[in-house]
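Chains as they are written, first to last, in my numbering: chain A, 39 to 551; chain B, 10 to 520.
Yeah, the Cβ is synthetic: ideal placement off N, Cα and C, and Gly gets one too.
The structure under discussion appears below in the form of structure tokens.
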Amino acid sequence: MSESTIAPQHAQPPSAPPQRGDLNDRLIATDVWTDQMLAEAGIPIIDVPFVTFGGGIGSFVTVDYLRICGVPTSAMRVLTPLKTPWESYEYLTTVSQIPRTERLRSDSASTPDNIWGFPSYALREGPKQWWNVFVEPIFKRYYTPKAGHAFTSMEREMYRIRYPEMVVHGQVRMVRRRAGGGYFTVLTPPEGAASTRRIAYRSQWVHVAVGYPGLKFLPDLQRYRQEHNDFAKVVNAYEPHEHVYERLHKRPGTVLIRGGGIVASRVLQRLIDDRDQRGLQTQIVHLFRTYVDKAHGPGIFKRRRGADGWAYQGFNYPKSVWGGQLKQQVRKTHGEERARLYKEMGGTNTPLRNDWLEQLDRGRREGWYRVVIGQIDTMRPVGDLVEVAVSSDQGPQLGTFDFVIDCTGLEADIREHRVLADLLDHSGAGRNPVGRLDVGTNFELLGTQNGGKIYASGSATLGGPFPGVDTFFGLQIAAQEIADDLIKQGFAQKLGPGRSTSQWWKWVRNKQI
Amino acid sequence: MASPVVPPVVPPVPAAAVAAAAVGVPPFDQVGVAVTPGEDLVVRLPGIVLVAGVQATAPAPARSSGLGGWGAAPAAPASAAPAGDRRLGELVGLCRRVSAAGRRAPGRRLHEELRAWLPTATDVPSFAVAAATEEGLALVLLGDGVAEVPELGLRLTAGQGEEPLSDGRPYLDRLVDWPPAALRLSAGAKGDMGPHPLADLEAGVVPGAAAVLSPAPVPATPAAPAPPVPAGTVLAQLPPTPVAARVTTPPVPPPAPAPPVPPAPAPVPGGHAAHDHAAHDHAHGHDHGVPAAPEPPVPPQPVAPPVQLPPPARSVSFLDPPAADEVEPAREPLPIVTDEQPPAALAQEEGDTRPKVKGILCKNGHLNDPRVLFCAQCGIRTTQQTAVFVEGVRPPLGLLVFDNGATVSLDADYLLGREPETDERVRSGGHRPLLVVDQTGGVSRHHAEIRLEGWDVVLTDIGSANGTLFARRGELAWTSLIPGQPVQLTPGMTVRMGGRQFAFESPHGGY
Chain A
39 MSESTIAPQH
49 AQPPSAPPQR
59 GDLNDRLIAT
69 DVWTDQMLAE
79 AGIPIIDVPF
89 VTFGGGIGSF
99 VTVDYLRICG
109 VPTSAMRVLT
119 PLKTPWESYE
129 YLTTVSQIPR
139 TERLRSDSAS
149 TPDNIWGFPS
159 YALREGPKQW
169 WNVFVEPIFK
179 RYYTPKAGHA
189 FTSMEREMYR
199 IRYPEMVVHG
209 QVRMVRRRAG
219 GGYFTVLTPP
229 EGAASTRRIA
239 YRSQWVHVAV
249 GYPGLKFLPD
259 LQRYRQEHND
269 FAKVVNAYEP
279 HEHVYERLHK
289 RPGTVLIRGG
299 GIVASRVLQR
309 LIDDRDQRGL
319 QTQIVHLFRT
329 YVDKAHGPGI
339 FKRRRGADGW
349 AYQGFNYPKS
359 VWGGQLKQQV
369 RKTHGEERAR
379 LYKEMGGTNT
389 PLRNDWLEQL
399 DRGRREGWYR
409 VVIGQIDTMR
419 PVGDLVEVAV
429 SSDQGPQLGT
439 FDFVIDCTGL
449 EADIREHRVL
459 ADLLDHSGAG
469 RNPVGRLDVG
479 TNFELLGTQN
489 GGKIYASGSA
499 TLGGPFPGVD
509 TFFGLQIAAQ
519 EIADDLIKQG
529 FAQKLGPGRS
539 TSQWWKWVRN
549 KQI
Chain B
10 MASPVVPPVV
20 PPVPAAAVAA
30 AAVGVPPFDQ
40 VGVAVTPGED
50 LVVRLPGIVL
60 VAGVQATAPA
70 PARSSGLGGW
80 GAAPAAPASA
90 APAGDRRLGE
100 LVGLCRRVSA
110 AGRRAPGRRL
120 HEELRAWLPT
130 ATDVPSFAVA
140 AATEEGLALV
150 LLGDGVAEVP
160 ELGLRLTAGQ
170 GEEPLSDGRP
180 YLDRLVDWPP
190 AALRLSAGAK
200 GDMGPHPLAD
210 LEAGVVPGAA
220 AVLSPAPVPA
230 TPAAPAPPVP
240 AGTVLAQLPP
250 TPVAARVTTP
260 PVPPPAPAPP
270 VPPAPAPVPG
280 GHAAHDHAAH
290 DHAHGHDHGV
300 PAAPEPPVPP
310 QPVAPPVQLP
320 PPARSVSFLD
330 PPAADEVEPA
340 REPLPIVTDE
350 QPPAALAQEE
360 GDTRPKVKGI
370 LCKNGHLNDP
380 RVLFCAQCGI
390 RTTQQTAVFV
400 EGVRPPLGLL
410 VFDNGATVSL
420 DADYLLGREP
430 ETDERVRSGG
440 HRPLLVVDQT
450 GGVSRHHAEI
460 RLEGWDVVLT
470 DIGSANGTLF
480 ARRGELAWTS
490 LIPGQPVQLT
500 PGMTVRMGGR
510 QFAFESPHGG
520 Y
């Protein structure tokens, strides 16, 4: 993987006139900046000890923790293009068929609005769910909270900790080290919001929480769109595709589903719900690349249930990554060995839930749900349909479908994100065995110390000593580690039993801090 | 291909003299080219006739000119093709290129191209080429190539050229006037056999020893008035011409002053010096330096009225793939691209009339609605970098899903109604018609219009009789559209007109 150049930026207009307070070539080429260089470029400098950017749930949870540890709002800034911390998350869950009323795939105690994890979502939801979490997963399937529940409780917490006071809107362009200690975080505010094109935040600590660099639509989907200018018939499950359901409601059709993860199960459930509620005649063909027909795994203690093509797992990760033996195991390994462990616990999987399993059983019985194993070779529009050529385990197959829904979720490389690429190129950050940002056990970005620290949490740090970073609970653990590290450096106050209890009561009473 | 063709107009030509004066030089493509049997290759392209020697690679059986009465020389079987003769192929390719570049008078250009090409090529087979120029002919002879006018005793060989090629082979290129008699081109083959009187190669590549260019047209089918054919081929009505008169009656005016020849009619005033068809013995007028051989005067022949022949009909050659006029002109190879290119959506081609819109680019250069979080093309986050507004070709902004399941992709403005095609906006090409068939009769002839404005889709009721209703996603009540007042369509919005209904869905602009 080439580490040498920044990915080309098409967006730069060919000859934009140099604006006041813009970056210049000298700044871009220099790894360590002096205050003087910024002054020469006319970029104003704002001092704040702690800057977090990304502004999603990762930033929110970290700021929440620090606020509870007594850091005033004036000492922190959240640089973000998002309106709310969950905006991006809600978008993705909604389009992938988890609207606010549906259940996420998250533990009851993974509460981004509550650093204690108590009371959990299940406790708050009602007595029926208490019983569920008591007997799960032996007698019941895992309890998971509804998406809307998570968002509304986060909204409450957001106002409680006066989060909006810390938000500065704009795009973060880069983070560079400062000569003499600390960092500069360069922000591009929205047009007209500031008198200069860029603003630099001078801080001792920087927290990187940009989340997924983005989705990565499969090349064949991108090619299909580019060649045929057709955005309607072949869709990715992570983009709005309500027209598919709308159209199937109006006229019966055949849909090809591709992929075996949770999104595939959600999309199937939506299709079959529609089928049941509206009496539709939707035919479903499901294309698996790897078909799992039985429990599988490297050892007797590391087995994952599987049947009918799916690999089942309650959550994204085996539960032991959060507090069990797997957490210890990963923490102690390095390099290849760690990459191997990640590979073992990785892989596409989906939670067992009775509703859609029953639906699929019925579909198999009644013949409107069929499974093909193979890979798509080509897609092309034929009239109102899409012709798909598949190399299946039964040889090449050709079929026409009304829609193809691609439920494979690929994440782009971290280099796809401009700021992360800049960190790799100019600020000394490195990659971990899995290829993402290399962080230590305290979620400090290794190799970037400069009289302060850069921390990172979220999906960009997957592959570090703590697995499961791209979950609610993983973000909370990262926030805890970061807060502990900052407490050691004197930025925040220790969260001992007294403070913790009093803060918890404030949370219960929803008292603004 | 099947475009209707104006029926050919064959002007009544009263006398040869008139035609000669009017034409001046016979249009090259209307001269008859007869091929004598042999093993070399005769190529006729628009404006060019080439005879190239074939180094005996495949013994082609000498064939009698088994021509039918249709005039077109049948293609030789593929086995007679000089397989693997690369130079010959290059030569033919060069001629094709030159012919395609300017078919009316490719002669001078052919000279230049050959001069440029020949020094770089070795082992080029002997050949003889005649090509049209504005005033006469351009001849090129190489090796054993010979151009002769047997009736006048004129003979040009490559050896008469000023400077041979670098490898010592004789080479001649020269501009000459049209000889007043049949011109025979050969690549040195000693074929004594004359062409079949009916042989006529209109275009193509055939085996043969020599090509005989006779400025008078060759009779095609026994002249029956052909009905106009609505095809790419135009048939000319030919007057019945005695076959014997064909070769000897060229209505060609060589430029030289004609010495008085007894049986000649009056000289023809024209662009070139007047010359009579019957006068054959004044070769000194031609600048190829061959001393005029005294020749017995040929008795005057009945003059065949010259006929403006239409362009040659298409002939199919099995030897060589496409006819010259089907070959695309040579063009520069596409540049080799190593850098990552911005995708096609941004290609600002001249004359690209597709509607443009200002949007933001994702990291990978795809144009997007400024309001989206993820690129619609590749899925990358659009929020990770500063929004830079760029103009590009607008992608489809969404989809109308009608109640019968029909879907319409919104890539242009639409006019909806019972008879949308009668609206002025449709007739002027501004809107596309979208026929909405409604059994209840509730849809007006021109009911509503859908316009794309930037990244938004806007619906306007254009004065329908029964009105238009809409409901946003989740709304149970219908709202009535005020005529003339546009409403922005949001994803999930349902619109009802008459007894019909459609929903709008969009990958752009939020969820």
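(Q) If you reduce the DSSP assignment to three classes, tell me which class B/Pro189 lands in. (A) B/Pro189 falls in the coil class under three-state DSSP.
Check your understanding: Beta carbon of A/Ile490, beta carbon of A/Gly466: below 7 Å?
Key -> In the sequence as displayed, the identity of residue 490 of chain A is Gly instead of Ile. Going by C-beta atoms, A/Gly490 is not nearer than 7 Å to A/Gly466.
**Message:** Assuming contact is defined by CB atoms lying nearer than 7 Å, are A/Val409 and A/His464 in contact in what I supplied?
**Reply:** No, these two residues do not count as a Cβ contact at 7 Å.
If you reduce the DSSP assignment to three classes, tell me which class A/Glu174 lands in.
DSSP places A/Glu174 in coil when its eight states are reduced to three.
*asked:* If I follow the unbroken beta strand (DSSP E) through B/Met202, where does it start and stop?
replied: From DSSP, B/Met202 is part of no beta strand (DSSP E); its letter is neither H nor E.
| Cβ-Cβ separation, A/Gly447 to A/Leu309 (assumed contact under 8 Å), whole Å | About 18 Å separates the two Cβ atoms, so there is no contact after all.
**Prompt:** Okay, do the segment 530-540 of chain A and the segment 143-151 of chain A touch, 3+ Cβ pairs below 8 Å being the bar?
**Reply:** Contact fails between the segment 530-540 of chain A and the segment 143-151 of chain A, because fewer than three Cβ pairs, one in each stretch, are under 8 Å apart.
Checklist entry - For the segment 378-390 of chain B, which residues have a beta carbon sitting closer than 8 Å to at least one beta carbon of chain A? => result Close to chain A, meaning a Cβ-Cβ distance shorter than 8 Å, are the following residues of the segment 378-390 of chain B: Leu382, Phe383, Cys384, Ala385, Gln386, Cys387, Gly388, Ile389 and Arg390.
* Asked: Could you give the C-beta distance for A/Val224 and A/Ala238, rounded to a whole number, given that I count them as a contact under 8 Å?
  -> Rounded, the Cβ-Cβ distance is 5 Å, consistent with contact.
* Indicate whether the contact test is met: 3 or more Cβ pairs, each with one atom in the segment 210-217 of chain A and one in the segment 450-458 of chain A, closer than 8 Å. => Verdict: yes, contact present.
Considering A/Phe98, what are the terminal residues of the alpha helix (DSSP H) in which it resides? It spans Ile95 to Ile106 - the alpha helix (DSSP H) in which A/Phe98 sits, taken as one unbroken run.
Q.
Let's see if you can read the secondary structure: which residues bound the beta strand (DSSP E) around A/Thr132?
A. For A/Thr132, there is no enclosing beta strand (DSSP E); the enclosing alpha helix (DSSP H) covers residues Glu125 to Val133.
message = Run through chain A and tell me which residues come within less than 7 Å of B/Asn514, C-beta to C-beta.
response = According to the sequence shown, residue 514 of chain B is Glu rather than Asn. For B/Glu514, the C-beta contacts it makes with chain A under 7 Å involve Glu280, His281 and Glu284, in order along the chain.
message: Taking 7 Å as the threshold (beta carbon to beta carbon), is B/Asp412 in contact with chain A?
response: Yes, B/Asp412 lies at the interface with chain A (some Cβ there is under 7 Å from its Cβ).
From the DSSP output, read off the bridge partner residues of B/Asp470. DSSP, once it has assigned bridges, lists B/Ala457 as partnering B/Asp470.
The segment 415-428 of chain B: which residues have C-beta closer than 9 Å to a C-beta of chain A, in chain order?
For the segment 415-428 of chain B, the beta-carbon criterion of a distance under 9 Å to any beta-carbon of chain A is satisfied by Ala415, Thr416, Ser418 and Asp420.
key: Coil, strand or helix - A/Trp71 by DSSP   = Per DSSP, reduced to three states, the secondary structure at A/Trp71 is strand.
message = Does B/Arg53 pass the burial test, meaning 16 or more other C-beta atoms within 10 Å, or should it be called exposed?
response = With 16 or more Cβ atoms within 10 Å of its Cβ, B/Arg53 is classed as buried.
Check your understanding: Mind checking whether the beta-carbon of B/Pro134 lies closer than 6 Å to any heavy atom of the ligand SAM?
Key -> Questions concerning the ligand SAM fall outside what the structure shown contains, since it holds no ligand whatsoever.
- [ ] Look up B/Ala43 in the DSSP assignment and give the residues it is bridged to.
- [x] Secondary-structure assignment with DSSP links B/Ala43 through a beta bridge to B/Val221.
- [ ] Name, going along the chain, the residues of the segment 252-275 of chain A whose beta-carbon falls closer than 8 Å to a beta-carbon of chain B.
- [x] Shown in chain order are the members of the segment 252-275 of chain A whose Cβ falls below 8 Å from a Cβ of chain B: Gly252, Leu253, Lys254, Phe255, Gln260, Arg263, Gln264, Asn267, Asp268, Phe269, Ala270, Val273 and Asn274.
Exercise for review: Return the residue from the list B/Val446, B/Arg434, B/Val40 and B/Ala486 that minimises the CA-CA distance to B/Ala139.
Suggested key: Looking at the Cα atoms, B/Val40 is the closest of the given residues.
Stretch-stretch touch, CB-based, cutoff 8 Å, three pairs: the segment 358-378 of chain A with the segment 279-295 of chain A: The segment 279-295 of chain A and the segment 358-378 of chain A do not touch, with fewer than three beta-carbon pairs separated by less than 8 Å.
Proximity test, Cβ basis, 7 Å: B/Pro495 and chain A: So, not an interface residue.
**Prompt:** Would the segment 179-188 of chain B and the segment 146-154 of chain B be scored as touching if the rule is three or more Cβ pairs under 8 Å?
**Reply:** Segments in contact, yes.
message: Does any residue of chain A have a CB that is nearer than 7 Å to the CB of B/Thr503?
response: Taking Cβ atoms only, chain A never reaches closer than 7 Å to B/Thr503, which makes this a no.
### Message
For a contact defined as C-beta to C-beta under 7 Å, what are the partners of A/Ser126 on chain B?
### Response
Chain order gives the chain B residues near A/Ser126 as Leu382, where near means a beta carbon separation below 7 Å.
**B/Ala71 versus B/Arg105: straight-line alpha-carbon distance, rounded** = In this prediction, B/Ala71 scores a pLDDT of 46, lower than 50, which makes its location untrustworthy; no coordinate-derived value is stated.
- Task: Round the Cβ separation of B/Pro547 and B/Glu514 to the nearest angstrom and send it over; I've been treating them as touching at under 8 Å.
- Result: What is shown of chain B runs 10 to 520, which leaves residue 547 of chain B out entirely.
Checklist entry - Quick one: is A/Asn392 buried, meaning 16 or more other Cβ sit within 10 Å of its Cβ, or exposed? => result It counts as exposed.
**Asked** Residue range of the alpha helix (DSSP H) that A/Asp314 falls in?
**Response** Ile300 to Arg316 is the span of the alpha helix (DSSP H), which, as asked, contains A/Asp314.
Check your understanding: On the three-state DSSP scale, how would you describe A/Met212?
Key -> In this structure, A/Met212 counts as strand in the three-state DSSP scheme.
If we count the other Cβ atoms within 10 Å of its Cβ and call it buried at 16 or more, is B/Pro479 buried or exposed? Residue 479 of chain B is actually Phe in this sequence, not Pro. Under this definition B/Phe479 is a buried residue.
Can you confirm whether B/Thr392, when its beta carbon is compared against all beta carbons of chain A, has any partner nearer than 7 Å? True, the Cβ-Cβ gap to chain A drops below 7 Å.
request  = Examine the Cβ distances between the segment 65-73 of chain A and the segment 112-121 of chain A and report whether three or more of them are shorter than 8 Å.
outcome  = When Cβ pairs closer than 8 Å are counted between the two stretches, the segment 65-73 of chain A is seen not to touch the segment 112-121 of chain A, the count staying below three.
Assumed close pair B/Ile389, A/Ala450 - CB separation to whole angstroms, cut-off 8 Å: Right, the Cβ-Cβ distance comes to about 6 Å (below 8 Å), so this counts as a contact.
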